[in-house]
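Numbering-wise, the sequence shown is residues 1 to 215 according to the working numbering.
Report on the structure given below.
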Amino acid sequence: MRMAVLGWIQSIPGLRTGAKKRSCSHCSQHGTRLKCSIERLHVPVLLGEVLELYEGRRFEVFVDGTIGAGGHASTLLSSCDIDLYIGIDQDETALAIASERLSKYGAKVKLVQSNFRDLERVLSQFEIAQGEVDGILLDVGISSMQIDTADRGFSFMADGPLDMRMNRTNGLSVAEVVNSFGVEELARIFQEYGEDSQSRRMAKSVVAFRETKQI
Ligand SMILES: C[S@@+](CC[C@H](N)C(=O)[O-])C[C@H]1O[C@@H](n2cnc3c(N)ncnc32)[C@H](O)[C@@H]1O
């Protein structure tokens, strides 16, 4: 099996991208300027390197564990011989864009809203065993689309609700966490995921602040 794992930092437009920026091929089709501008912003990272690894190859089952807006997928589908392309993403907005973008491939493409850690369960939906997968792509991390859309809550540049979920149908938003978790739990999160040495002090400040005002 061939597998490519790409790093998140390269998802930011202009930062070490392996591909040239392309203009959106869908503008004349869907007519919504918002979607076009979102798509134009998203440049698949290391496209050249991914093609170097996969171009011209044959795959019975290819899994794209982070399909996003389908940038890598559309290139791979047009440059490889693939029977079944399974695209997984946690983000329903990204999947909707990928679905439109890849619609010409029909039943060859299956899109699933899921976490790639549940790959075995996703594959079982299609009665496929893990050993039958012969190519995997993981472009891990956050997408520029998620960062740039203010109401997703990931941006430092634009104001928006404190959401920060990749899958908005699941789990707690950051607003729910910072307004309800106790000091111990917040400190653990700041320490574990933020590796912040001041985690306890920050957690206490959050709890003190919310006594006067909802965050
Ligand atoms: C950099 S983008 C992928 C872009 C995609 N390769 C393209 O060409 O359009 C990363 C995507 O991974 C998704 N993601 C991050 N962690 C995930 C996980 N554990 N399971 C599934 N999807 C995940 C995000 O929602 C985001 O859409």
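Even for Gly, the Cβ is constructed at its ideal location relative to N, Cα and C.
Residues in its own chain within less than 6 Å of residue i by CB, not counting five upstream and five downstream?
i	result
Gln29	Residue placement at Gln29 is flagged as unreliable, the pLDDT there being 34, under the threshold of 50; the coordinate-derived value follows with that caveat. Closer than 6 Å at Cβ, skipping near neighbours: no residue.
Ser23	Note that Ser23 scores 37 on pLDDT, short of 50, meaning its location in the model is unreliable and no value can be drawn from it.
Phe116	Gly65 and Ile88
Ile86	Val63 and Lys110
Gly160	Ala150, Asp151 and Gly153
Leu162	Gly153, Val174 and Ala175
Ile136	Met3 and Val63
Arg33	Residue confidence for Arg33 is low, a pLDDT of 42 falling below 50, so the modelled location carries little weight; the figure read from the coordinates is stated next. Once the five neighbours on either side are set aside, Arg33 has no close Cβ partner at all.
Using 8 Å as the threshold, is the C-beta distance between residue i and residue j below it?
i	j	result
Lys110	Ile82	no
Val112	Met1	no
Val183	Lys204	yes
Leu76	Tyr54	yes
Leu47	Ala73	no
Glu92	Arg168	yes
Below 7 Å, is the gap between the Cβ of residue i and the nearest heavy atom of ligand 1?
i	result
Val140	yes
Asp163	no
Ala69	yes
Gln125	no
Phe116	yes
Ile88	yes
Ser155	no
Met202	no
Thr169	no
Ser79	no
Asp91	yes
Met3	no
Ser173	no
Gly65	yes
Ser199	no
Using a Cβ-Cβ cut-off of 7 Å (strictly less than) and excluding sequence neighbours within five positions of residue i, which residues of its own chain qualify?
i	result
Ile128	Val61
Strictly by DSSP, which residues pair up with residue i?
i	result
Ala4	Leu137
Asp64	Gly87 and Leu137
Phe59	Ile82
Lys108	DSSP, once it has assigned bridges, lists no residue as partnering Lys108.
Gln113	Asp89
Please return the same chain residues whose Cβ sits closer than 8 Å to the Cβ of residue i, not counting the five positions on each side in sequence.
i	result
Ile38	Its pLDDT being 46, under 50, Ile38 is placed unreliably in this model, and the coordinates cannot settle the point.
Asn179	Arg210, Gln214 and Ile215
Phe126	Leu84, Ile86 and Lys110
Should the region 117-133 be called in touch with the region 90-98, which here means at least 3 C-beta pairs below 8 Å? No, the region 117-133 does not touch the region 90-98.
With a cut-off of 8 Å, do at least 3 Cβ pairs link the region 153-171 to the region 186-198? Contact between the region 153-171 and the region 186-198 is absent: fewer than 3 CB-CB pairs across the two stretches fall below 8 Å.
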